[in-house]
Structure formats: C-alpha cells, structure tokens
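Working notes for the structure below.
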Amino acid sequence: MSGIIKFKHYFLNLILIWAAIAIYKSTSYYLTFLRSETQTILLYLAIAYTILGFLFYLLTPENKIKKSKGVIIFYAIARISEGTIKYFKSKKTPDKKPFPKLEKQEKTALLFVFVKFFFLPIMLNFFLNNYFALKSNVHTLTDLSTLFTIQGFNFILFPFLLASIFFIDTLWFAFGYAFEATLLKNTIRSVEPTFIGWFVALICYPPFNGTLTKYINWYANDYVLFFNDTITFIARIIVILLLSIYVSATLALGAKSSNLTNRGIVTRGPYSIIRHPAYISKNLAWWITVIPVISWPAILSAGVWSFIYHMRTITE
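If you're matching positions, the sequence shown starts at 695 in my numbering and goes up one per residue.
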C-alpha cells in the first residue's frame, strides 16, 4: 500500500505534463507559433519524465520523497472544491464557514506550473530559432581575409556573435524551466504573487508583446545600420559588449534561470555589482539601435518598454 501511495506523486505529475502536451498539440496558437522541432522536444521531455519518473519513484524510499507539484495542486483543488461547497451550504446557517483560500505552498506550486507551461515552449522555440541562425552563419566565418575588417565585422562576425549570445541565453533559460532539482540548487522558493508582476513579465513575450506593439510599434533593431559603415561598426561593437553583459548575467544564474521565480539569491558575476544587469544592458542596447530611426514615436516606444522593464526590476 505504501508503494502505491508514493506513486500518487508520479501519476498526478503525469496528468499535468500530458495535459500541457495536449494543449500544445491541439490549440491553434501553439500549432502556429511553435516550431515542429519544439513540439518534438516537448514530447520527448514528457516521454522522458514518464519513463525516468517511474524509475525514480520506484527506487526512492517513501520517506525521501518530497511533495510533488502534482500532489500539492490536486489536493488544493480537492480542498478548495470541498470548502467552496461547504461555504455555500452554510451561508444560511448560524455556523457559516469561511470561503477557502490557497495556502502559500499551494499558490507557489500552482503559479510555478503556469510559469513552466508558458515559458518552457517559448524558450525552446527561441533557442531553436537561434540555433538555426547560428548554424546558417557558421559557413560565413571561413573567409578570414574579410572577417577582421569593418565590413567583415558588420555583416559576418556581428550576426554570428549575436546569434551565439541569444543561443546561450535561451538554452540556459530553457534548461531552467525544464528542470528543477535539489541537486541543481534551483528549487522554487516563491513565485511572483502580484498581478502587476505577472503583467509586466508576460507583456514582454508572445503573444502579448504583439498586442502592445500594435499600439506603440517596435523600433529597435538588433541589426542596427547607420549612414556609414564605421559608425555602424562602433554601434555594433557597443551592442555586443552590452549583450555580453546580458548573457553573462544568464550564465551567472545558471540552473536558476527563469522569470517570475525566486530560486535563491545570486551574487556572482554581474549580480555582484548590480541587481538587474540583464535588463539594464538589454535596454541600453535597444536604445542604441533606435538612434538611426529616432523620432517621437520611436522615443515613446523605447520609453514604454524601458518603463516595463523597470517595473520588472521592482517586481521580480
């Protein structure tokens, strides 16, 4: 009986995982947005958990098994449902029951499942986009006679470095969303509980960022071009330096990389100097790329996005 009880963690997690896969595979948004390779990786991750998770719960003593997200969430649903029924039944009685509320552990588990459900496919998609961009740029590095010239940097080395930076960044974040373990020192301590915190984070990612850009447009361009090659070269050097700080912040986070979560304070790398090095460096890079198209609408757009990221520094 104890063996059956410990497998409840496994089976309830499986329900959450395969429900997510069903949504990714059946909704028009995800079928359109996600690459076929992303869908395949998500499916392989679900299959891997189905097999390895079974072995883990089979071989791990019951007293060493922690409450899984599945158990916490489904027990919370059962408790809230029962409490809600009792609340409405007792409304007209002297012994009125209080309306049930989620406990902190339940709320954290539920919010983290939402974080993982939303961000994991996005980061995998971004990672694959960057991988294929990197792959397509590798062959351009073979001509050393032009590589270390201004033209060579602007149109050969710069695209390769840009793709490399975002490749590393999205790989780290995809790993952080996919895996949580004591061994990795990235277990969830808390998840952003406020509406504004979630709003300013989600508005930065599809499909929500597309809604905002309908009204304020998007003027920043990673492949910034000025009126001559030398100024473009200088601007692109600065952009790479800023984005190097950005990706160094991701590397400093390591397996703790994820949005809206607290997985422990990081004090190494650029985090030893400033609280949000990634947001600051990314926004400065954006402002540089806006200069060639500077106008009041462009300033307004960049200002709005900078304000959103400022709010993220406060809430995250």
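Every residue, glycine too, gets a C-beta built ideally from N, C-alpha and C.
So, with DSSP's three-state summary, where would you put residue i?
{"i": "T955", "result": "strand"}
{"i": "S830", "result": "helix"}
{"i": "L706", "result": "helix"}
{"i": "M695", "result": "For M695, the predicted model reports a pLDDT of 45, less than 50, meaning its position is unreliable; a value from the coordinates is still stated below. Coil at M695, not helix or strand."}
{"i": "S975", "result": "helix"}
{"i": "V885", "result": "strand"}
{"i": "I988", "result": "coil"}
{"i": "V960", "result": "coil"}
{"i": "V807", "result": "helix"}
{"i": "T787", "result": "coil"}
{"i": "T778", "result": "helix"}
{"i": "I967", "result": "coil"}
{"i": "E1010", "result": "coil"}
{"i": "V918", "result": "coil"}
{"i": "E800", "result": "helix"}
{"i": "Y913", "result": "coil"}
{"i": "D1017", "result": "Residue 1017 falls outside the range modelled here, since the chain spans only 695 to 1010, and no answer is possible."}
Among the options, which residue has its Cα nearest to the Cα of residue i?
{"i": "N823", "options": "E731, R773, K700", "result": "E731"}
{"i": "Y704", "options": "Y940, N757, V765", "result": "V765"}
{"i": "S858", "options": "Q845, F821, A872", "result": "F821"}
{"i": "F812", "options": "L841, W999, Y718, T881", "result": "Y718"}
{"i": "W912", "options": "I988, V885, I745, G958", "result": "I988"}
{"i": "Y1003", "options": "I897, G904, T905", "result": "I897"}
{"i": "H970", "options": "N953, W981, V984", "result": "N953"}
{"i": "I925", "options": "F869, I709, Q845, Y940", "result": "Q845"}
{"i": "T888", "options": "L835, E874, T955", "result": "T955"}
{"i": "K700", "options": "Y723, L728, K760", "result": "K760"}
{"i": "Y965", "options": "Y724, L841, M1005, G948", "result": "G948"}
Using 8 Å for Cβ pairs, my map puts residue i next to residue j. What's the rounded Cβ distance?
{"i": "S762", "j": "N707", "result": "5 Å"}
{"i": "G958", "j": "K950", "result": "6 Å"}
{"i": "I715", "j": "A740", "result": "5 Å"}
{"i": "A914", "j": "A943", "result": "So it is not a contact: roughly 19 Å between Cβ atoms."}
{"i": "P986", "j": "F920", "result": "5 Å"}
{"i": "I974", "j": "I967", "result": "I974 to I967, Cβ: 11 Å. No contact."}
{"i": "Y940", "j": "K976", "result": "5 Å"}
Let me know the alpha helix (DSSP H) ranges lying completely inside the segment 700-772, each 4 residues or longer, listed in chain order. 722-727, 730-753
Inter-stretch contact (C-beta, 8 Å, three-pair minimum) for the segment 872-889 and the segment 800-809: yes
Per the contact definition of three or more C-beta pairs closer than 8 Å, is the segment 773-793 in contact with the segment 826-834? no
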